[in-house]
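Chains as they are written, first to last, in our numbering: chain D, 15 to 564; chain B, 308 to 639. Just so it is clear, CB atoms sit at the ideal spot from N, CA and C, and this is done for glycine as well. Bear in mind that the values here come from a model prediction, so they are computed numbers and not experimental data. Step one of this worksheet: look at the structure below.
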Ligand code: SF4
Ligand code: SF4
């Protein structure tokens, strides 16, 4: 018998019996139901200790007593007051919602689950109701009638449940007439919970690992080198080329940083192999770093302070190694941090130079302050200047669609670069329906630290909108690959596709780039980077016409 | 429940307002309360604005809704993802004047077998536009009561608004649109189960207040007419701080005072209600900041140093392993 941690436990017909009608009872009187498969295990005491976080202890979500400090209420209310003084976003978002409901059916968790507290507006009300009670005159006077409620332990439990059922994807904020960003409110809610020592282990263990060893997985330097060596072996088998692995190399021109998810798990590793091949072919003077071996930043899912603590390594390492600028790999939340937070929390990076592609000479003016360029910007520029020798027909067996990862789409606007690259390395590229891509893209359902198996029910539910869109193009165009520029996607969408659109595999774009690239001195390419035979290329012949057929 | 309480509250307010028709009380309802309400309204708004202005914006967290500015040959969505101040102004203008974000609204439906359909849904946008714009027109039209001579623009707007030329005196289009839009917004809230679930007293109260104001205003003009010359004397007196004679006050009908009192209630309640979204829309950091994060550094005024794990600490712990693997180290 499968357990609630496994996909097979959930029958599609049952999951799809979604009742969008809210219950009779008002939401303030509806307690949370911690059913297995829909919540995440708490952070272990050891992890909190490594990070010096408050109230380390071992506990379980289903315990009656969460072992909160005696003055927990005061801690939370003071924490709220402090954040209302520090973040205009928080204060404005607390006051401005008109409950128009435009955001309600925009959240993948509501669409896939129907729980009214997963409507972004109600998720925010969970916190807003306490704000009204303790920080507004009217709430004090009117109480429940005014939408205000007392902060109790049950409220804390409810916050925990629903703030860890938000992937901070910001889709709701696109539709809100005031740009109210429920992700921001979730971040505040998680910070407040953190003050009481309430974290989930799926987030806080990677944070502790990253703090200590430089990456979420806790890979130590020699292990990292080994891992990359293994990939180099596979690369050699696929292409006949032996790539170098520059590690912690002082004086390199470029520091390359990518999410550590790409070091270990299939299909992320193929993207990582793609980077290595690409840099080798370009003769790029770059280096990996073992100390800054994580581009991702689970601090984003923890607190603003933790963002800064983890992110500090990147500039510190760039400085120590004396590089000129930084190149970043394919990742989603990583790019939200690099784009929207890094320069503010750890800049100015005045010891670096404005990034300039050594191959094309292009100066990346859009990164002139932060000095960090996205691999898709870098590659799109290479292709635009005709610097890559490409044979897209090698990818003809791939019928690909592109999933915009939430953060590059809604916290950056990196929409065209990946598409431009895809169109040049694949002949068969199909877009999903327009309400599910670009700024309206749907989350994988497992971002912001939710992508763990014990949360399987919510992942499958949250993955429904994306899964349905994938299945649509699968049925319509025979799509068999889903490309995503995000390491979390490459882990979570595998499950989403297996469940909602079986037969579609997940890939990074750089993997497809490397498969299409012709390398100097390569042997006959019979297998792709997955070491799977390339259909039609078993005996490589010159290709006949290769027009794009979108 | 919330519906009934708010409806009752507005009815009571209206009835209380009618008392203004009585001698002496007309001074309270016609002169003192309007000034008081206006003071609370203005004071409250200033307080709110200052309150927000005092809170810093530590991070630039723009929600981007289109292509970023990156390579010169890639076309940027200058309004949905602005990188310059002009782009931001354009984006904000679209938000404030056209409710751009509501224009994106879709309705999601779950179909057979887990298929999902997204249908463009513009009714909310339409109702919101209709309501806000008609209210603005009505407010401007009311300027004729506070000015002498009436500015040409106000007169012109009034003429345009009455172009239907139905009824005597003519029925203004804005009044109809206002009432219909409000009725729709109320029905939507009361009928849609999800909306009903999230709605608070505040939401219904404001709708009923506005409806009450609209209906009483409509009645004043078309059904139970009052001495409009006297009303103008009062309003002009209020606007110019010149006061008004008791005799004039006495000729104004109770209905007018009911109307006026509801307006006063709305004004006084404004700064404490969700109506502060009028300020919020200008101050929302996801909309009013340029997405130029990697070009121009954003400074956090309360930034503070944090505990980090330095490279030295890292190497001290792992030096032997690094050396064994041939990875360069700082200290041998
Ligand atoms: S769209 Fe914005 S204003 Fe409307 S209910 Fe949602 S958060 Fe509130
Ligand atoms: S940020 Fe995403 S997950 Fe969170 S409430 Fe909004 S739409 Fe839902």
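Assuming residue i contacts residue j under a Cβ cut-off of 8 angstroms, what Cβ separation, rounded to an integer in Å, is found between them?
i	j	result
residue 126/D	residue 470/D	Going by Cβ atoms, the distance from residue 126/D to residue 470/D rounds to 13 angstroms, so no, they are not a contact pair.
residue 406/D	residue 439/D	5 angstroms
residue 621/B	residue 305/D	5 angstroms
residue 622/D	residue 460/D	What is shown of chain D runs 15 to 564, which leaves residue 622/D out entirely.
residue 262/D	residue 316/D	Wrong, their Cβ atoms sit about 27 angstroms apart, outside the cutoff.
residue 369/B	residue 593/B	6 angstroms
residue 600/B	residue 367/B	5 angstroms
residue 259/D	residue 243/D	7 angstroms
residue 379/D	residue 19/D	In fact, because the Cβ distance is near 48 angstroms, the residues do not count as touching under 8 angstroms.
residue 377/B	residue 508/B	Between residue 508/B and residue 377/B the Cβ distance is about 48 angstroms, and since that is not below 8 angstroms, they are no contact.
Straight-line CA distance for residue i to residue j?
i	j	result
residue 546/D	residue 272/D	25 angstroms
residue 524/B	residue 589/B	30 angstroms
residue 528/D	residue 417/B	39 angstroms
residue 547/B	residue 115/D	42 angstroms
residue 147/D	residue 163/D	6 angstroms
residue 73/D	residue 427/D	41 angstroms
residue 332/D	residue 268/D	9 angstroms
residue 531/B	residue 564/B	13 angstroms
residue 320/D	residue 313/D	5 angstroms
residue 646/B	residue 522/B	With chain B running from 308 to 639 in the structure shown, residue 646/B is simply not present.
residue 236/D	residue 17/D	36 angstroms
residue 417/D	residue 311/D	21 angstroms
residue 340/D	residue 369/D	8 angstroms
residue 557/D	residue 375/B	Because the pLDDT of residue 557/D is 46, which lies under 50, any placement of that residue in the model is unreliable, and the question is left without a value.
residue 477/B	residue 446/D	52 angstroms
residue 255/D	residue 520/D	25 angstroms
residue 493/B	residue 611/B	48 angstroms
residue 322/B	residue 434/B	29 angstroms
residue 381/B	residue 344/D	19 angstroms
residue 105/D	residue 98/D	5 angstroms
residue 345/B	residue 541/B	15 angstroms
residue 472/D	residue 421/B	15 angstroms
Return yes when the Cβ of residue j is within less than 8 angstroms of the Cβ of residue i, no when it is not.
i	j	result
residue 309/B	residue 506/B	yes
residue 82/D	residue 210/D	yes
residue 185/D	residue 131/D	no
residue 202/D	residue 182/D	no
residue 46/D	residue 175/D	yes
residue 494/D	residue 510/D	no
residue 257/D	residue 291/D	yes
residue 436/B	residue 406/B	yes
residue 464/B	residue 482/D	no
residue 643/B	residue 489/B	No information on residue 643/B is available, as it lies outside the stretch 308 to 639 that chain B covers here.
residue 390/B	residue 413/B	no
residue 362/B	residue 597/B	no
residue 474/B	residue 529/B	yes
residue 634/B	residue 335/D	no
residue 323/D	residue 227/D	no
residue 342/D	residue 393/D	no
residue 214/D	residue 55/D	yes
residue 474/D	residue 484/D	no
residue 539/B	residue 452/B	yes
residue 574/B	residue 348/B	yes
Closer than 9 angstroms, Cβ to any Cβ of chain B: which residues of the segment 253-274 of chain D, in chain order?
-> For the segment 253-274 of chain D, residues whose beta-carbon sits nearer than 9 angstroms to a beta-carbon of chain B comprise 261, 262, 263 and 264.
Within 8 angstroms of chain D by C-beta, residues of the segment 392-419 of chain B in sequence order | 402, 406, 408, 409, 411, 412, 413, 414, 415 and 417
Check each residue of the segment 195-219 of chain D: if its Cβ is closer than 7 angstroms to any Cβ of chain B, include it; give the result in chain order.
-> 195 and 198
Near-chain D residues of the segment 425-455 of chain B - C-beta to any C-beta below 8 angstroms | 425, 431 and 435
What residues from the segment 606-620 of chain B come within 8 angstroms of chain D, judged by C-beta to C-beta, listed N to C?
-> 606, 607, 609, 610, 613, 614, 615, 616, 617 and 618
What residues from the segment 41-75 of chain D come within 7 angstroms of chain B, judged by C-beta to C-beta, listed N to C?
-> 41 and 66
Chain-ordered residues of the segment 619-635 of chain B with a beta carbon less than 7 angstroms from chain D | So the close ones are 621, 625, 628, 629, 631, 632, 634 and 635.
Can you list, in chain order, the residues of the segment 298-320 of chain D whose Cβ is nearer than 8 angstroms to any Cβ on chain B?
-> 304, 305, 318 and 319
Please name the residues in the segment 419-451 of chain D whose beta-carbon is closer than 8 angstroms to at least one beta-carbon of chain B, in chain order.
-> So the close ones are 423, 424, 425, 426, 427, 428, 429, 430, 431, 434, 447, 449 and 450.
Any residues in the segment 78-89 of chain D with a beta carbon nearer than 7 angstroms to a beta carbon of chain B? Which ones, in chain order?
-> Among the residues of the segment 78-89 of chain D, none has a Cβ less than 7 angstroms away from any Cβ of chain B.
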